[in-house]
DNA sequence: TATGTAACTTGCAAAGTACAAGTGACTATG
DNA sequence: CATAGTCACTTGTACTTTGCAAGTTACATA
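Next comes the structure, spelled out in structure tokens:
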């Protein structure tokens with residue numbers, strides 16, 4: 003999907019977000035997760051290749067930035083950009099709709115992990 | 003995707019909405035479209051088999067109801083249920099985000115077609 | 001030396017998507 | 001009356017994406 007399907011803002015948004023995994027990764031980022039293993043540990047059990055692919059796409063789309071928090075071996079953290087953070091209202095309305103129509107669903111708590119300092 | 007991936011409301015919503023086409027069909031329904039050819043005529047050029055499949059899924063998920071507007075041959079119209087209409091805030095926030103980050107995108111106008119009367 | 005961990009990558013089968021063409025039941029036109 | 005057109009789909013086939021398991025690289029720890 004590299005060409006432009008239409009000039010509709012919804013269509014353009016879905017070209018980035020329209021699959022079963024991308025918004026879940028963004029949800030995790032909003033919840034405070036930053037590292038590969040943290041995303042993998044979410045209960046939906048995303049496959050590692052799908053996760054790697056989605057993180058790459060999110061970076062390419064400017065929703066996420068990646069920076070090393072350690073060298074030798076290089077380890078990366080992922081953080082939402084302003085554009086990525088702008089999706090919160092979308093997630094919020096989805097949560098409202100989801101909670102109304104799927105009884106028993108609950109919003110996950112924010113993770114508040116201590117991250118090591120980053121040496122540039 | 004028939005099992006439950008998790009108890010997250012976003013995940014459950016994405017199990018229905020998480021692809022490149024479903025929310026576009028819902029957008030068309032919100033805009034007032036009801037018939038097969040109308041959905042097909044949208045600028046994104048959805049394939050007819052994908053459209054048929056999505057309409058079936060939407061009906062199965064309770065977002066849309068189908069009723070005949072003509073017999074011999076039977077022709078059907080699709081209308082959003084209350085649950086389906088509840089997605090408007092999601093579309094609205096997507097539009098806001100899309101318009102902000104994809105310059106030049108424009109919201110499509112509502113169609114206001116005269117539909118024939120339905121004989122039950 | 002052996003095991004473990006983090007962040008990926010690779011291989012392959014299964015599922016989903018895109019495009020074209022076909023179907024059945026009519027309606028309209030020459 | 002025969003032909004063409006419309007509507008709402010369905011079918012067939014090729015291509016792409018996804019899901020699962022296993023492998024890789026570069027360390028850290030026992």
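Chains as they are written, first to last, in my numbering: chain A, 3 to 122; chain B, 3 to 122.
All C-beta atoms in this analysis are idealised placements derived from N, C-alpha and C, irrespective of residue type, glycine included.
As a beta-bridge residue in DSSP terms, residue 68/A pairs with 80/A. It is roughly 48 angstroms from the alpha-carbon of residue 75/B to the alpha-carbon of residue 45/A.
Residues of the region 24-40 of chain B with a C-beta atom less than 8 angstroms from some C-beta of chain A are 25, 26 and 29, listed in chain order. For the region 78-94 of chain B, the set of positions with a beta-carbon nearer than 8 angstroms to some beta-carbon of chain A reads 85, 88, 89, 91, 92, 93 and 94 in chain order. Listed along the chain, the chain B residues whose CB falls inside 8 angstroms of the CB of residue 8/A are 44, 45 and 46. By the neighbour-count criterion, in which 16 or more other beta carbons inside 10 Å mark a residue as buried, residue 11/A falls on the buried side. With 16 or more other CB atoms across the displayed protein chains lying within 10 angstroms of its CB, residue 35/B is buried. Taking 4 residues as the shortest admissible run, the region 19-48 of chain A contains the following complete alpha helix (DSSP H) segments, listed from N- to C-terminal end: 24-32 and 38-42. When secondary structure is reduced to three states using DSSP, residue 59/A falls in the helix class. DSSP, reduced to helix, strand and coil, places residue 100/A within a helical segment of the structure shown. Taking C-beta atoms as the reference points, residue 84/B and residue 88/A fail to come closer than 8 angstroms. For residue 105/B, the nearest beta carbon of chain A is not closer than 8 angstroms to its own beta carbon.
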